[in-house]
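Q: I have a structure here, written as structure tokens, and I will follow up with some questions on it.
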Amino acid sequence: MSDGDLAGVGVLVTRPEHQAAEFSDAIEAAGGKAVRFPAIEIVPRSASDIDNDTAALQQPDIVIFVSANASRFGMAHTAAAKVAAVGPATAAAIEAAGQRVDIRPAAGFDSEHLLAEPELQSVDGKVVRIIRGNSGRELIADTLRQRGAIVEYLPVYTRKAPDVDASSATGLEQAWRSGQIDVVTVMSVETLTNLVSILPEWCRNQLGQTPLVTPATRVIIEATREFPGIPATLAQGPAAKDMVRAIAEHVPGQS
Numbered sequence: 002m003s004d005g006d007l008a009g010v011g012v013l014v015t016r017p018e019h020q021a022a023e024f025s026d027a028i029e030a031a032g033g034k035a036v037r038f039p040a041i042e043i044v045p046r047s048a049s050d051i052d053n054d055t056a057a058l059q060q061p062d063i064v065i066f067v068s069a070n071a072s073r074f075g076m077a078h079t080a081a082a083k084v085a086a087v088g089p090a091t092a093a094a095i096e097a098a099g100q101r102v103d104i105r106p107a108a109g110f111d112s113e114h115l116l117a118e119p120e121l122q123s124v125d126g127k128v129v130r131i132i133r134g135n136s137g138r139e140l141i142a143d144t145l146r147q148r149g150a151i152v153e154y155l156p157v158y159t160r161k162a163p164d165v166d167a168s169s170a171t172g173l174e175q176a177w178r179s180g181q182i183d184v185v186t187v188m189s190v191e192t193l194t195n196l197v198s199i200l201p202e203w204c205r206n207q208l209g210q211t212p213l214v215t216p217a218t219r220v221i222i223e224a225t226r227e228f229p230g231i232p233a234t235l236a237q238g239p240a241a242k243d244m245v246r247a248i249a250e251h252v253p254g255q256s
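Numbering of the sequence shown is given in the working numbering, commencing with residue 2 and proceeding in unit increments.
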């Protein structure tokens, strides 16, 4: 299969419904079929709750957005501080909202790459506000505290496993049984955990035998722990073009 050619490939898209369109369009533009089955739901917190939490925080020197969703729901709380984005998708969402991004990874799209940036090395005594969901990795906060920063969280949304109705579950199983699911895509460990919990039993058994494509090493580690021997491929990044390229290059039996 040539780069970007997904002719005849059925791809399970597990992104939240409001974030699935770009990836699904890219799959279908390359000749594939996107089968949407959201395995994570993003629920914004109320503006009043966010405002109350913000009032209890210190004036930040640096505000870090850990995801595009964080920027989507938390842009009003940068407080004239320097703005940092954990990766290109988050940076693009911030800039699309009219806000400048002062700190971003020179390469990569994760916490480790952001923490390597020069602006986050000498942070002793600085107040850092991390805008995120209701939970997540502690690496950024722990590392910056070790460097002397005062780190405070501002959660602006919650993540949960979606409620799947019987019709959706049955439709997915029928599609999978009929050979319409050639590859599963997962963007985060939490999405994988949710997917395992909400799939019909037959589909859950098939998951460990179906090629998995993800931009996150941590997803591959967790998937391999849950399903030893699962055929898994690491995409270069979370952008739709990176995921499509990884599917085209690595999904077996599709050339």
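Glycine is no exception: its CB is placed at the ideal position from the N, C-alpha and C atoms.
Specify, as a first and last residue, the run of the beta strand (DSSP E) that ALA233 falls within.
A: Position 232 of the sequence shown, counted from the start, is the residue given in the question as residue 233. Unbroken beta strand (DSSP E) run through ALA233: 233-235.
Q: What is the C-beta distance between ALA241 and ALA27, in whole angstroms, given that I count them as a contact (C-beta under 8 angstroms)?
A: Taking the sequence shown and counting its residues from 1, one reaches residue 241 at position 240. Taking the sequence shown and counting its residues from 1, one reaches residue 27 at position 26. Indeed they touch by this definition, with Cβ atoms about 4 angstroms apart.
Q: Helix, strand or coil, according to DSSP, for GLU153 in the structure here?
A: Residue 153 sits at position 152 when you count from the first residue of the sequence shown. Three-state DSSP puts GLU153 in a strand.
Q: With DSSP as the reference, identify every bridge partner of ALA35, one or two as the case may be.
A: Numbered from its first residue, the sequence shown carries residue 35 at position 34. VAL12.
Q: Give me the DSSP bridge partner(s) of GLY88.
A: One-based indexing of the sequence shown puts residue 88 at position 87. BP columns for GLY88 are empty, so no partner.
Q: For GLU42, which beta-bridge partners are listed by DSSP?
A: As a working mapping, residue 42 is identified with position 41 in the sequence shown. DSSP, once it has assigned bridges, lists LYS161 as partnering GLU42.
Q: Relative to the C-alpha of ALA77, which residue among VAL165, ALA117, PHE110 and GLY99 is closest?
A: Taking the first residue of the sequence shown as position 1, residue 77 is located at position 76. Comparing Cα-Cα distances from ALA77 to each of VAL165, ALA117, PHE110 and GLY99, the minimum goes to GLY99.
Q: Am I right that PRO156 and GLY134 are in contact with their C-beta atoms under 8 angstroms? What's the rounded C-beta distance?
A: Residue mapping note: residue 156 aligns to position 155 of the sequence shown, counting from 1. Residue mapping note: residue 134 aligns to position 133 of the sequence shown, counting from 1. Yes, PRO156 and GLY134 are in contact; Cβ-Cβ is about 6 angstroms, under 8 angstroms.
Q: What is the DSSP secondary structure of ARG133, counted as helix, strand or coil?
A: On the sequence shown, position 132 is the one that residue 133 refers to. Of the three classes helix, strand and coil, the one that applies to ARG133 here is strand, per DSSP.
Q: Expressed to the nearest angstrom, what Euclidean distance is found between the alpha-carbon atoms of GLU202 and GLY230?
A: Here residue 202 refers to the residue found at position 201 of the sequence shown. Here residue 230 refers to the residue found at position 229 of the sequence shown. When rounded, the distance between both Cα atoms is 19 angstroms.
Q: Excluding the 5 residues flanking VAL44 on each side, which residues of the same chain have their C-beta closer than 7 angstroms to its C-beta?
A: Here residue 44 corresponds to residue number 43 of the sequence shown, with the count starting at 1. These residues qualify, in order along the chain: TYR158, THR159 and LYS161.
Q: Distance check for GLU227 and GLY238, CA to CA, integer angstroms please.
A: Position 237 of the sequence shown, counted from the first residue, corresponds to residue 238. Position 226 of the sequence shown, counted from the first residue, corresponds to residue 227. In this structure, the CA atom of GLY238 is about 23 angstroms from the CA atom of GLU227.
Q: Have a look at ALA170 and SER189 and give me their C-alpha separation to the nearest angstrom.
A: Here residue 170 refers to the residue found at position 169 of the sequence shown. Here residue 189 refers to the residue found at position 188 of the sequence shown. About 21 angstroms.
Q: Consult DSSP for LYS242 and reduce its assignment to one of helix, strand or coil.
A: Counted from its first residue, the sequence shown places residue 242 at position 241. If DSSP states are grouped into helix, strand and coil, LYS242 belongs with the helices.
Q: I need the straight-line Cα distance from SER168 to GLU174, nearest angstrom please.
A: Locating residue 168 in the sequence shown gives position 167, counting from the first residue. Locating residue 174 in the sequence shown gives position 173, counting from the first residue. So the two alpha carbons sit approximately 10 angstroms from each other.
Q: Of all Cβ atoms in chain B, is any one closer than 7 angstroms to the Cβ of ALA86?
A: Chain labels in this structure do not include chain B; a single protein chain is all it has.
Q: Suppose you measure from the CA of ALA106 to the CA of ALA22; what does that come to, to the nearest Å?
A: Sequence index remark: in the sequence shown, residue 106 carries index 105 (1-based). Sequence index remark: in the sequence shown, residue 22 carries index 21 (1-based). Here residue 106 is Pro; the residue named in the question, Ala, does not match the sequence. About 26 angstroms.
Q: Residues in the same chain with beta-carbon distance under 6 angstroms from GLY180, minus the five sequence neighbours each way, listed in chain order, please.
A: Indexing the sequence shown from 1 puts residue 180 at position 179. Around GLY180: no qualifying Cβ.
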